[in-house]
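Those protein sequence lines, which keep their order, are chains A and B.
Numbering-wise, the first sequence is residues 1 to 393 according to this note's numbering.
Numbering-wise, the second sequence is residues 1 to 393 according to this note's numbering.
Structure first, commentary second.
There are 2 protein chains.
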Amino acid sequence: MKANPFFPEKIKAALKNDPPGMWMPNLPENCIRLSSGYPEPTLVPAEQLKEAVVSLLEEENDLPLHYLGSPKIVKLEENIQNRLASRGIHVKREELLITSGACQAIDLIARVLLDDETFVVVESPTYMEALEIFKNYTHNIISIPVDERGLQTKRLEKLLEERKSKGLALPSFLYTIPTFQNPTGTTMSAERRQHVMELAVKYNFFILEDDAYGELGFDNSPLPLKAIDKEGLVIYVGSLSKTVAPGMRIGWISGASEFISACAWFKKDLNHPFTQATMAVFLDRTNYEERIILLRTTYHDKYIVLISALEQFLPKSVSWFLPKGGYFVWVKVPGVDTSLLLNRALSMGVSFVPGKHFFLNPKEGTEYLRLSFSYANKNDIVKGIKILGKLLK
Amino acid sequence: MKANPFFPEKIKAALKNDPPGMWMPNLPENCIRLSSGYPEPTLVPAEQLKEAVVSLLEEENDLPLHYLGSPKIVKLEENIQNRLASRGIHVKREELLITSGACQAIDLIARVLLDDETFVVVESPTYMEALEIFKNYTHNIISIPVDERGLQTKRLEKLLEERKSKGLALPSFLYTIPTFQNPTGTTMSAERRQHVMELAVKYNFFILEDDAYGELGFDNSPLPLKAIDKEGLVIYVGSLSKTVAPGMRIGWISGASEFISACAWFKKDLNHPFTQATMAVFLDRTNYEERIILLRTTYHDKYIVLISALEQFLPKSVSWFLPKGGYFVWVKVPGVDTSLLLNRALSMGVSFVPGKHFFLNPKEGTEYLRLSFSYANKNDIVKGIKILGKLLK
């Protein structure tokens, strides 16, 4: 991309970092998408959302089509408050902001908390979109490794101690996906959850908890950090993209009311009355607990299919974490550059995400790849893994 | 609002400037809304949008509910390209970005073009949301007065000459609503349009043209600046909020492809497949020309009602511009502080927007107020103006 003489330096720098939208090549048609973090298509409630729209517009006519929108927007907030309460999170209305998905939520939080002076701690590896967002606001990003029990909080403690003793700035916030992490699928242990909360209090930083996959445990779901947060240091981000439909673009932030006001200030796309009211009607008519159980068992079944295929078709040198929920399996392929592997895989009709995209230092991800079992059907999952196995042998 | 110790200075400053959402008090129930820039309720196509959703989901099932969304998103882009072409603006796909309304569009453009070093020229008075957005990015805002023929381009020329001769920074862009301006309703003359384009070329700045009301001329609509832009200096913002339904949150930016890429980079709410595909189906089934004619005649009728009421019920000292389209009439009430008047008006059941909100220096707006004839019905318009007349006598 040519540098526009009109662009301020910060923009030129941001655009130089990562050319927009260049992190994945276009997928060929009919490609088996083991790359995509999309929900299972048959569980996206198209019919029910259609009925929700019909019912909404028959009841309220043009109301949800204006700026101010419908009283149903409040219903959506109440519904989300109730769901959060069922997970141990009790928030008032002024502590909640509906966003257009989790990605916008993370962007708003970064805008409020980051500038060139402040820094942020991320997990290594972490959600690539969040990494891209943070790079737009600061150069000061530090990553702490994740293992099978989640973020290595002792390493975080060491970092904080060192920085404090040297008189260096402490982080504005830690970004973590403690439950069914993207991309590793790992879950932070109860002990580490306690530890990270203690560190936040001791060193006075926020925790940005991304809980997009939190309800999708195969058996059950651990309590979010927000539920054990006594000091109001956890900013919680949730989403209906993984449990209802990403195309509706509904997520949220929950945090202290003054923090929520600041985020709202920068949210210049305003409320989305039509989709928010539609979602409120849908949720009002849905047995959400039953829906979650269906999602859990469906994804567990597909996960089993993926893992079995990995065991059957991949070389012995290849290894992976065993997630307890979510959408992803994180695979290590020793001695293989997964970016190069992707081109060959695409030509054979299967996609995955190369590990490098999830790391602050892309080289650390060379031998890793992320597989998703959420979107492709079981037959395609097996077919896709067979192809990968063939390529790796 | 308490300053959060976690917030960087830029955020504290922004929040101190204008407490979020505080520019208008809550309106009492059943208030006659002469304040609101909302479309005429009976012309918001609730029934047709409902049919569009039903047809879309029956045809495509879950497709528009995923991230990637439906091929209809491309149809929406094509439809907007065709509409722009009918107004003399020819844009390629990579020169167009669909946004969640014009407000998000302006925010993205400001993010790309402004920082603390750069400055922006606005009209005086101007769209208050745009003013709030610019203040989030820079302190360097200069305003140039508008008269009945729009922006006073000779004053702009003088400013530019002076700054150039003093070696001061030239503006990054000029923000203008040349057609049926918000709040004054005025339209920039052809001569001034030519002049402002010449200035942009000579002094090398962008023009951010906000054309939200451009199609709503009572008789006809002048060509946008973008249509006479030979050098690619006009960044054009449009919206379906005033012509279809604001609750659908659909607007757009058109500009040079590298500029559009930069805006897209910061648009972290992603595409909105469900609403964009729905709008595509709606537009595909709608005779848009007929719709625009209906809007024009309807708003013209309501405008006549408002103007007649102003003539009949307001004191002789009160004056206003006569718009040729759009939603608003800009009223001067000599010797009256319209902020104080608002409280009394609200207690009598009618609202307007005090002039101060539209000015960089709020004091300049003390004697002005903005009336909207778009939303209230004709009886209420007359009733509302009668109340204002009573208060002013």
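Using N, Cα and C, we set each Cβ at its ideal position, and we do this for glycine too.
Among the residues facing chain A, Ala46(B) is included, as its CB has a counterpart in that chain under 7 Å away. Relative to Trp320(A), the option among Asp107(A), Glu148(A), Ser36(A), Glu129(A) whose CA is nearest is Glu148(A). Counting along the chain, no beta strand (DSSP E) covers Leu170(B), and no H or E run does either. Around Ala190(A), no beta-carbon contact reaches into chain B at under 9 Å, the shortest distance being about 27 Å. Met279(B) is not a Cβ neighbour of Leu65(B), given a cutoff of 7 Å. Phe7(A) carries a coil assignment under DSSP once its states are collapsed to helix, strand and coil. For Thr42(B) and Ile293(B), the gap between their C-alpha atoms comes out near 15 Å. Taken in chain order, the whole alpha helix (DSSP H) runs of length 4 or more contained in the segment 31 to 74 of chain A are 46 to 60. In this structure, Leu314(B) and Gly389(B) form a Cβ contact; the two beta carbons are roughly 5 Å apart against a cut-off of 8 Å. Your pair Leu131(A) and Met188(A) does not check out as a contact, with CB atoms roughly 19 Å apart and the cut at 8 Å. At a cut-off of 7 Å between beta-carbon atoms, Cys31(A) makes no contact with chain B. The segment 179 to 187 of chain B makes contact with the segment 133 to 147 of chain B, as at least three CB pairs between them are under 8 Å.
Of the residues assessed, Val201(A) falls on the exposed side of the cut-off, its CB having fewer than 16 other CB atoms within 10 angstroms. Under a criterion of Cβ atoms nearer than 9 Å, the residues of chain B adjacent to Glu117(A) are, in order, Pro8, Glu9. If you check each beta-carbon in the segment 90 to 108 of chain B against every beta-carbon of chain A, the ones closer than 8 Å belong to Thr99, Ser100, Gly101, Cys103, Gln104, Ile106, Asp107. By the criterion of a C-beta distance shorter than 7 Å, Glu60(B) is surrounded in its chain by Ser70, once the five residues flanking it on both sides are discounted. The alpha carbon of Leu56(A) has as its nearest neighbour, out of Ala277(A), Val318(A), Leu208(A), Thr99(A), the alpha carbon of Ala277(A). Within the same chain, and ignoring the five residues on either side of Gly232(A) in sequence, the residues whose Cβ sits closer than 6 Å to its Cβ are Ala256. If you compare the alpha carbons of Ala245(B), Gly335(B), Ser172(B), Ile98(B) with that of Lys363(B), the shortest gap goes to Gly335(B). Boundaries of the alpha helix (DSSP H) around Asp301(A): 288 to 313. Going by DSSP, Tyr375(A) is part of no beta strand (DSSP E) at all; its letter is neither H nor E.
Contacts with chain B at 7 Å (Cβ-Cβ) do not include Phe134(A). For Gly384(A), the secondary structure class from DSSP, reduced to helix, strand or coil, is helix.
Annotation for Leu84(A): Val91, Ser254 place their beta carbon closer than 7 Å to its own, counting only its chain and skipping 5 residues before and after.
With a threshold of 16 other beta carbon atoms within 10 Å, Gly88(A) falls short and is exposed. Around the Cβ of Ser347(A), a 10 Å sphere holds fewer than 16 other Cβ atoms; the residue is exposed. According to the DSSP assignment, Val201(A) belongs to the alpha helix (DSSP H) that extends over 190 to 203. Around the CB of Pro25(B), fewer than 16 other CB atoms lie within 10 Å, so the residue is classed as exposed.
With at least 16 other beta carbons inside 10 angstroms of its own, Glu215(B) counts as buried.
By the rule that beta-carbons nearer than 7 Å mark a contact, Lys50(A) touches chain B. Val122(B) and Ile98(B) have their C-alpha atoms spaced approximately 24 Å apart.
Under the 10 Å beta carbon count, Leu295(A) is surrounded by 16 or more other beta carbons and is classified as buried. In the three-state reduction of the DSSP assignment, Ser261(A) falls in the helix class, which pools H, G and I. Here DSSP, grouped into helix, strand and coil, assigns Gly150(A) to strand. Interface flag for Phe274(B) against chain A is set, since a Cβ pair is found closer than 7 Å. In terms of beta-carbon proximity, Tyr67(A) lines the interface with chain B, with at least one pair separated by less than 7 Å.
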